[in-house]
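Asks: Got a structure for you, written out below as structure tokens; questions coming shortly.
Protein chains: 2
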Amino acid sequence: MAVTRSDVARAAGVSPAVVSYVLNNGPRPVATHTRERVLAAIDELGYRPNAIASALRGGSTQTVGLLTPNRSNPFYGALAEEIERTLTEQGYLTLTASTYGYRSSEERLLQTFIDRQTDGLIITSGVSLSGPALSGVEQSVLVLEERPESPLSTLSMDDEGDAARAVDHLQVHGHDLIGCIVGPPYVSTDGLRLSGWREQQRRTGRPASDGLVALADAGEEGGYQAAGLLLSEHGRPWAVYGRRPTALFVASDVQAFGALHACWELGLRVPDDVALVSMGGTRGARFTIPPLTTMRQDVEYLARSACTRLLEEIRTPGLPPAHVRLTGNLVVGHTCGCSPYGVIRR
Amino acid sequence: MAVTRSDVARAAGVSPAVVSYVLNNGPRPVATHTRERVLAAIDELGYRPNAIASALRGGSTQTVGLLTPNRSNPFYGALAEEIERTLTEQGYLTLTASTYGYRSSEERLLQTFIDRQTDGLIITSGVSLSGPALSGVEQSVLVLEERPESPLSTLSMDDEGDAARAVDHLQVHGHDLIGCIVGPPYVSTDGLRLSGWREQQRRTGRPASDGLVALADAGEEGGYQAAGLLLSEHGRPWAVYGRRPTALFVASDVQAFGALHACWELGLRVPDDVALVSMGGTRGARFTIPPLTTMRQDVEYLARSACTRLLEEIRTPGLPPAHVRLTGNLVVGHTCGCSPYGVIRR
DNA sequence: GTGAAAGCGCTAACAA
DNA sequence: TTGTTAGCGCTTTCAC
Numbered sequence: 004m005a006v007t008r009s010d011v012a013r014a015a016g017v018s019p020a021v022v023s024y025v026l027n028n029g030p031r032p033v034a035t036h037t038r039e040r041v042l043a044a045i046d047e048l049g050y051r052p053n054a055i056a057s058a059l060r061g062g063s064t065q066t067v068g069l070l071t072p073n074r075s076n077p078f079y080g081a082l083a084e085e086i087e088r089t090l091t092e093q094g095y096l097t098l099t100a101s102t103y104g105y106r107s108s109e110e111r112l113l114q115t116f117i118d119r120q121t122d123g124l125i126i127t128s129g130v131s132l133s134g135p136a137l138s139g140v141e142q143s144v145l146v147l148e149e150r151p152e153s154p155l156s157t158l159s160m161d162d163e164g165d166a167a168r169a170v171d172h173l174q175v176h177g178h179d180l181i182g183c184i185v186g187p188p189y190v191s192t193d194g195l196r197l198s199g200w201r202e203q204q205r206r207t208g209r210p211a212s213d214g215l216v217a218l219a220d221a222g223e224e225g226g227y228q229a230a231g232l233l234l235s236e237h238g239r240p241w242a243v244y245g246r247r248p249t250a251l252f253v254a255s256d257v258q259a260f261g262a263l264h265a266c267w268e269l270g271l272r273v274p275d276d277v278a279l280v281s282m283g284g285t286r287g288a289r290f291t292i293p294p295l296t297t298m299r300q301d302v303e304y305l306a307r308s309a310c311t312r313l314l315e316e317i318r319t320p321g322l323p324p325a326h327v328r329l330t331g332n333l334v335v336g337h338t339c340g341c342s343p344y345g346v347i348r349r
Numbered sequence: 004m005a006v007t008r009s010d011v012a013r014a015a016g017v018s019p020a021v022v023s024y025v026l027n028n029g030p031r032p033v034a035t036h037t038r039e040r041v042l043a044a045i046d047e048l049g050y051r052p053n054a055i056a057s058a059l060r061g062g063s064t065q066t067v068g069l070l071t072p073n074r075s076n077p078f079y080g081a082l083a084e085e086i087e088r089t090l091t092e093q094g095y096l097t098l099t100a101s102t103y104g105y106r107s108s109e110e111r112l113l114q115t116f117i118d119r120q121t122d123g124l125i126i127t128s129g130v131s132l133s134g135p136a137l138s139g140v141e142q143s144v145l146v147l148e149e150r151p152e153s154p155l156s157t158l159s160m161d162d163e164g165d166a167a168r169a170v171d172h173l174q175v176h177g178h179d180l181i182g183c184i185v186g187p188p189y190v191s192t193d194g195l196r197l198s199g200w201r202e203q204q205r206r207t208g209r210p211a212s213d214g215l216v217a218l219a220d221a222g223e224e225g226g227y228q229a230a231g232l233l234l235s236e237h238g239r240p241w242a243v244y245g246r247r248p249t250a251l252f253v254a255s256d257v258q259a260f261g262a263l264h265a266c267w268e269l270g271l272r273v274p275d276d277v278a279l280v281s282m283g284g285t286r287g288a289r290f291t292i293p294p295l296t297t298m299r300q301d302v303e304y305l306a307r308s309a310c311t312r313l314l315e316e317i318r319t320p321g322l323p324p325a326h327v328r329l330t331g332n333l334v335v336g337h338t339c340g341c342s343p344y345g346v347i348r349r
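Chains as they are written, first to last, in this note's numbering: chain F, 4 to 349; chain B, 4 to 349.
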């Protein structure tokens, strides 16, 4: 059995309450020499307060739950890493769980977090925000998704606008037949990026039919398959336009890695035969061959903002919900056509 | 205030104990109609048992702590993802934390896990295994590192042997001046991979001096820098051998991504000018240009084995420690020279 | 088959 | 300044 507070009290010749007062610096003052006796006893016995008991008594669990679709995608990976780091600095521990896009998992995991009295929740794919799980939640919740009307605070990237601006950049290079690789449908973000592509194409009078869209699995493989589908001579979903798309908008860097590989296999030169712009701005985007032009979303900043805001809400219950939207920046690499000869060094 | 067990008991017209009997299917039987009344009350009130209270009373926390050096490296990312998935299936939640190689973080985080009464711990970088934190731990601990003498169970990849076999493959292709990119030094794994390269080179009478080694940061950037250092005409750490290394052994896939990029920038053809073999077998390795030849370590299997074993130890306290070592498989891509013309499709 | 009651280790109000 | 004590919500033994 572990050392308890009573053991310390006995060893120091004081009451258990005094031990608490020393540990928590309050709520009552403790005489200096008593405090020292207590600290000595703690040290000697190797006493560690029982976090569970403290949490039950009404304190906090010093824990935040983080719900993401998955972990292996670099976007969510980087997000989780930075959130975890920031929270750790603040003395919180992070409980993570992945939904893999299943709404049922989402509700179940959310409920598990709630049952464990996490002090706060950060949710990335908020399909079940209106579901039963979140109604009447007592902890602070932050949603990383655009929901201006939500009673919960939201913090999001401008996925639709960012996508539109990425597509615009391809249009500026003279492309009008622009394919779109997005997916998987369960990630709401991808829906917005798809809209961004579609709206930008429509607004500027360019084609935006489903024949130009390939829904892909997350991951390199998904992008590889999708690019193969959109670009190869077999199948030719673009047949109605009489020519192959000259550019691809790819909704995530990782999928773009796969798409680049597909181009390489098909013998298509990037950006000469096929230009390519993706979204994400992951670390790896600088190191593809050639380096990706990508709409960089500052995940680290997003993560830190989320933590800051969440901790504020935890410390100050009853704050009105905040809604913040962050905008991406285009990082120009070699796949869009800006630097076809690989001159630019970044 | 949330609904408590007493509320349910009152609503169902039974005592709180009966509610527990129903919820836990024991330890005492409950009459069918009573059970139904209780379940109805639970349903109606939306009662959820308080996990904290249950844990305090002596049950388990249904939580496992996972300590890794970081999260963004795909190896640890994939490991964590699979561990989390497996544990979730078994009804456990995963607490994750990253040490970033700092021993002090490691001890502190370990202690935090212990304070929270996690049912088990999975530790990847076990520098502090002998430290104070782990002495007298009551929960089950699994170490993902080679420690045959450890009183804790260990599960590891054969990093040294795998590295040696990767280097051997380059030697088979006729290379003898083989550079080595490893890092960062705080990851014990990298030390072993470095040894693997050195021993294999020595054993076969080939050079293994420090001039052929580049210590690199984790990540693409690290591999990029290191390859630049080892291959460029400036600096020429290989000057003593009169020629540039014709092959590189890279300790991780991600670093290899950077190294490939460096070759591309330097105008060196892979594998003709520089052959390359890395370790990891991450998903992305299939999609580089050209695809990597890499010593694949089956992280998913490692993760699942770890969970299985850990849960066994949790359920059966007092099991003697097990020590398992897994071996990698070379996945042949195009960077080693096996298929210089890109003929092979995998 | 069910209820009463003793704690798990802690915090904090209250008493001294 | 310090000690006493009442719970937090739950599990489980023991008595009925």
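Cβ coordinates follow ideal geometry from the N, Cα and C atoms, glycine included.
Measure how close the beta-carbons of Asp-161(B) and Arg-328(B) come, nearest whole angstrom, since I'm counting them as under 8 Å.
Replies: Sequence index remark: in the second sequence, residue 161(B) carries index 158 (1-based). Sequence index remark: in the second sequence, residue 328(B) carries index 325 (1-based). Confirmed, Cβ separation roughly 5 Å.
Asks: If you follow the alpha helix (DSSP H) that Val-22(F) is in, where does it begin and where does it stop?
Replies: Taking the first residue of the first sequence as 1, we reach residue 22(F) at position 19. Segment 19-27, the alpha helix (DSSP H) holding Val-22(F).
Asks: So what does DSSP say about Cys-183(F), is it helix, strand or coil?
Replies: Locating residue 183(F) in the first sequence gives position 180, where the first residue counts as 1. The answer is strand: DSSP assigns Cys-183(F) an E or B state.
Asks: Give me the subset of the stretch 288-317 of chain B whose CB atoms are less than 9 Å from a CB atom of chain F, sorted by chain position.
Replies: So the close ones are Arg-289, Phe-290, Thr-291, Ile-292, Pro-293, Pro-294.
Asks: For Gly-345(F) and Pro-293(F), I'd like the C-alpha separation in whole angstroms.
Replies: Taking the first sequence and counting its residues from 1, the one referred to as residue 345(F) is at position 342. Taking the first sequence and counting its residues from 1, the one referred to as residue 293(F) is at position 290. Below a pLDDT of 50, predicted positions are generally treated as unreliable, and Gly-345(F), at 40, falls in that range; the measurement from the model is reported next regardless. Roughly 8 Å separates the two Cα atoms.
Asks: Report the three-state DSSP secondary structure of Gly-16(B) (helix, strand or coil).
Replies: Against the second sequence, residue 16(B) aligns to sequence position 13. In the structure shown, Gly-16(B) sits in coil (DSSP, three-state: anything other than H, G, I, E or B).
Asks: Closer than 8 Å, Cβ to Cβ, to anything on chain F: give me those residues from the stretch 80-92 of chain B, in chain order.
Replies: Result list: Gly-80, Ala-81, Ala-83, Glu-84, Glu-87, Arg-88, Thr-91.
Asks: Would you please verify whether the beta carbon of Glu-109(B) is less than 7 Å from any beta carbon of chain F?
Replies: In the second sequence, the residue the question calls residue 109(B) occupies position 106. Not one chain F Cβ lies under 7 Å of Glu-109(B).
Asks: Helix, strand or coil for Leu-215(F)? Go by DSSP, reduced to three states.
Replies: By one-based count along the first sequence, residue 215(F) stands at place 212. Three-state result, Leu-215(F): helix.
Asks: Please determine whether the Cβ atom of Ala-5(B) lies at a distance below 6 Å from any heavy atom of the ligand ATP.
Replies: This structure lacks the ligand ATP; in fact it carries no ligand of any kind.
Asks: Taking 7 Å as the limit between beta carbons, can you name the residues of its chain near His-178(F), skipping five residues before and five after?
Replies: One-based indexing of the first sequence puts residue 178(F) at position 175. So the list reads Thr-249, Ala-250, Ala-278, once near-sequence residues are dropped.
Asks: Under 8 Å by Cβ, that's how I've got Val-6(F) and Leu-48(F) pegged, so tell me the actual separation to the nearest angstrom.
Replies: To locate residue 6(F), count along the first sequence from 1; it is residue 3. To locate residue 48(F), count along the first sequence from 1; it is residue 45. Rounded, the Cβ-Cβ distance is 5 Å, consistent with contact.
Asks: By Cβ distance, which residues of its chain are closer than 8 Å to Ala-43(B), with the 5 residues on each side in sequence left out?
Replies: Here residue 43(B) refers to the residue found at position 40 of the second sequence. Here the set comprises Ala-15.
Asks: So, do the stretch 47-62 of chain F and the stretch 46-65 of chain B have three or more beta carbon pairs nearer to each other than 8 Å?
Replies: Taking 8 Å as the limit for Cβ pairs, the verdict is that the stretch 46-65 of chain B does touch the stretch 47-62 of chain F.
Asks: Taking the C-alpha atoms as reference points, what is the distance between Gly-336(F) and Thr-115(F)?
Replies: Working through the first sequence from its first residue, we reach residue 336(F) at position 333. Working through the first sequence from its first residue, we reach residue 115(F) at position 112. Cα-Cα distance, rounded: 43 Å.
Asks: Give me the Cβ distance between Asp-122(B) and Val-67(B), rounded to the nearest whole Å; I'm assuming they're in contact under 8 Å.
Replies: Within the second sequence, residue 122(B) is the residue found at index 119, counting from 1. Within the second sequence, residue 67(B) is the residue found at index 64, counting from 1. Yes, they are in contact, since the Cβ atoms of Asp-122(B) and Val-67(B) sit about 6 Å apart, within 8 Å.
Asks: Could you compute how far the alpha carbon of Arg-348(B) sits from the alpha carbon of Asn-332(B)?
Replies: Residue numbering aside, residue 348(B) sits at position 345 when the second sequence is read from its first letter. Residue numbering aside, residue 332(B) sits at position 329 when the second sequence is read from its first letter. With a pLDDT of only 34 at Arg-348(B), under the threshold of 50, the placement of this residue in the model should not be trusted; the figure read from the coordinates follows. Going by the C-alpha atoms only, they are around 18 Å apart.
Asks: Are the C-beta atoms of Val-346(F) and some chain B residue less than 7 Å apart?
Replies: Here residue 346(F) refers to the residue found at position 343 when the first sequence is read from its first residue. Because Val-346(F) carries a pLDDT of 36, less than 50, the predicted location of this residue cannot be relied on, and the following value inherits that uncertainty. For Val-346(F), the answer is no, since every Cβ of chain B falls outside 7 Å of its Cβ.
Asks: Based on the DSSP output, what are the partners of Gly-283(F) in its beta bridges?
Replies: Counted from its first residue, the first sequence places residue 283(F) at position 280. The partner list for Gly-283(F) (beta bridge, DSSP) reads Arg-299(F).
Asks: Are the C-beta atoms of Arg-349(F) and some chain B residue less than 7 Å apart?
Replies: Residue 349(F) sits at position 346 when you count from the first residue of the first sequence. Only weak support exists for where Arg-349(F) lies, its pLDDT of 29 falling under 50; the value from the coordinates is given anyway. Cβ-Cβ to chain B under 7 Å: no for Arg-349(F).
Asks: Going by C-alpha to C-alpha distance, which of Glu-110(B), Ile-126(B), Leu-263(B), Thr-338(B) sits closest to Glu-223(B)?
Replies: The sequence position of residue 223(B) within the second sequence is 220, counting from 1. Answer by Cα proximity: Leu-263(B).
Asks: If you measure beta-carbon to beta-carbon, which residues of the stretch 43-59 of chain F are closer than 9 Å to chain B?
Replies: The stretch 43-59 of chain F vs chain B, Cβ under 9 Å: Gly-49, Arg-51, Pro-52, Asn-53, Ala-54, Ile-55, Ala-56, Ala-58, Leu-59.
Asks: Go ahead and label Ser-143(B) buried or exposed: buried means 16 or more other beta carbons lie within 10 angstroms of its beta carbon, across all protein chains shown.
Replies: Start at 1 with the first residue of the second sequence, and residue 143(B) comes out as number 140. It is buried - the Cβ of Ser-143(B) has at least 16 other Cβ atoms within 10 Å.
Asks: Report back the beta-carbon spacing between Phe-290(B) and Phe-252(F) to the nearest angstrom; my notes put them in contact at under 8 Å.
Replies: Counting from 1 along the second sequence, the entry for residue 290(B) is found at position 287. Counting from 1 along the first sequence, the entry for residue 252(F) is found at position 249. With a Cβ gap of about 19 Å, Phe-290(B) and Phe-252(F) do not count as contacting.
Asks: List the residues of chain F that Thr-115(B) touches, going by C-beta distances under 7 Å, in chain order.
Replies: As a working note, residue 115(B) is residue 112 in the second sequence. Going along chain F in sequence order, the residues near Thr-115(B) (Cβ under 7 Å) are Leu-96.
Asks: Report the three-state DSSP secondary structure of Leu-195(F) (helix, strand or coil).
Replies: Your numbering for residue 195(F) matches position 192 in the first sequence. Three-state result, Leu-195(F): helix.
Asks: Considering Cα atoms alone, identify which of Ala-221(B), Cys-266(B), Thr-37(B), Gly-283(B) is closest to Leu-233(B).
Replies: Stepping through the second sequence from its first residue, residue 233(B) is reached at position 230. Taking only the C-alpha atoms, the option nearest Leu-233(B) is Cys-266(B).
Asks: Would you give the residue range spanned by the alpha helix (DSSP H) that Phe-116(F) belongs to?
Replies: The sequence position of residue 116(F) within the first sequence is 113, counting from 1. From DSSP, the alpha helix (DSSP H) with Phe-116(F) extends over 106-118.
Asks: How about the stretch 86-100 of chain F and the stretch 16-36 of chain B: do they share at least three Cβ pairs that are nearer than 8 Å?
Replies: The stretch 86-100 of chain F is not in contact with the stretch 16-36 of chain B.
Asks: Suppose the cutoff is 8 Å on Cβ atoms and the five residues either side in sequence are ignored; what does the same chain contact list for Val-33(F) look like?
Replies: For the purposes of this step, residue 33(F) is taken as the residue at position 30 of the first sequence. Within the same chain, Val-33(F) has close Cβ partners Val-21, Tyr-24, Val-25, Val-41.
Asks: Quick one: which chain F residues come within Cβ less than 7 Å of Thr-99(B)?
Replies: In the second sequence, the residue the question calls residue 99(B) occupies position 96. Here the neighbours are Glu-87, Thr-97, Thr-99.
Asks: Can you confirm whether His-237(F), when its beta carbon is compared against all beta carbons of chain B, has any partner nearer than 7 Å?
Replies: As a first step, residue 237(F) is located in the first sequence; it is residue number 234 there, counting from the start. False, the Cβ-Cβ gap to chain B never drops below 7 Å.
Asks: Within the same chain, show all residues whose beta-carbon is closer than 8 Å to that of Ser-308(B), passing over the 5 residues directly before and after it, in chain order.
Replies: Counting from one through the second sequence, the residue named residue 308(B) turns up at place 305. Only Leu-158, Val-327, Leu-329 meet the Cβ criterion.
Asks: Within 7 Å (strictly less), CB to CB, does Ser-281(F) reach chain B?
Replies: Locating residue 281(F) in the first sequence gives position 278, counting from the first residue. No, its Cβ sits nowhere closer than 7 Å to a Cβ of chain B.
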